[in-house]
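S.K.:
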Amino acid sequence: MTHSTVSILTQCCYYYYFYYNYNYNNNNNNTSYSSSSFSTSTTTSTTTPTTSTTTTTTTTTTTTITTTSTTTLLLLLLLLLLLLLLLLLLLLLLLQLLLLLLLQQLLLLLLLLLVLLLLQLLLLLLILILLFNVIREWSAIENHICNLHYPFIS
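Counted from 1, the sequence shown has number 54 at position 54 by the UniProt record's numbering; the numbering is strictly sequential.
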């Protein structure tokens with residue numbers, strides 16, 4: 001990856017973390033996982049021309065933004081579940097091969113093979129559903145980041 005690609009990805013992660021999670025937390029009031037503080041200070045000096053006294057007023061404003069990573073956590077959990085299901089599918093394939101090689105009785109072999117094939121089909125269906133959910137979550141994150149950068153494009 002080039003330097004500009006890494007820079008764009010870093011900016012996207014920054015905007016996602018500080019803006020999307022801040023808005024998500026304010027709208028849904030979910031549990032907070034991390035917080036960031038920003039501090040600004042303003043100093044004003046006033047001099048009166050008739051006397052020689054100077055009045056200085058200092059105002060300090062502190063803003064705390066609490067962010068939540070519920071969506072990111074959900075996406076990571078979906079990806080982890082997807083990985084575990086893929087590993088289970090691989091294990092079932094290996095078990096099928098082992099049964100083909102080791103079992104002597106044809107009827108038992110066919111019955112177990114049929115059960116394993118049905119399990120594989122169910123797992124493939126579950127993997128497709130999870131993959132659809134991951135893609136949907138990812139596109140929602142991308143749309144929100146795009147709306148932050150280009151709010152005039154819907």
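Where a beta carbon is used, it is the ideal one built from N, C-alpha and C, also for glycine.
1) Compare the beta carbon distance of Leu82 and Ile127 with 8 Å and say whether it is the shorter of the two.
2) Using a threshold of 8 Å, state whether the C-beta atoms of Leu75 and Glu137 are closer than that.
3) Given this structure, state the Cα-to-Cα distance separating Leu102 from Leu117, to the nearest angstrom.
4) Using the C-alpha atoms, what's the distance from Leu95 back to Leu89?
5) Between Leu148 and Leu80, what straight-line distance do the alpha-carbon atoms span, to the nearest angstrom?
6) Roughly how many whole angstroms lie between the Cα atoms of Leu99 and Gln120?
7) Determine whether the beta carbon atoms of Leu85 and Leu123 lie at a separation below 8 Å.
8) Taking DSSP as the reference, what is the three-state secondary structure of Gln120?
M.R.: Checking against the coordinates, here is how it stands:
1) Result yes, Cβ atoms of Leu82 and Ile127 sit closer than 8 Å.
2) Yes, they are a contact pair.
3) The alpha-carbon atoms of Leu102 and Leu117 are separated by roughly 18 Å.
4) Straight-line Cα distance between these residues: approximately 10 Å.
5) When rounded, the distance between both Cα atoms is 28 Å.
6) When rounded, the distance between both Cα atoms is 15 Å.
7) Yes, they are a contact pair.
8) Residue state, collapsed to three classes: helix.
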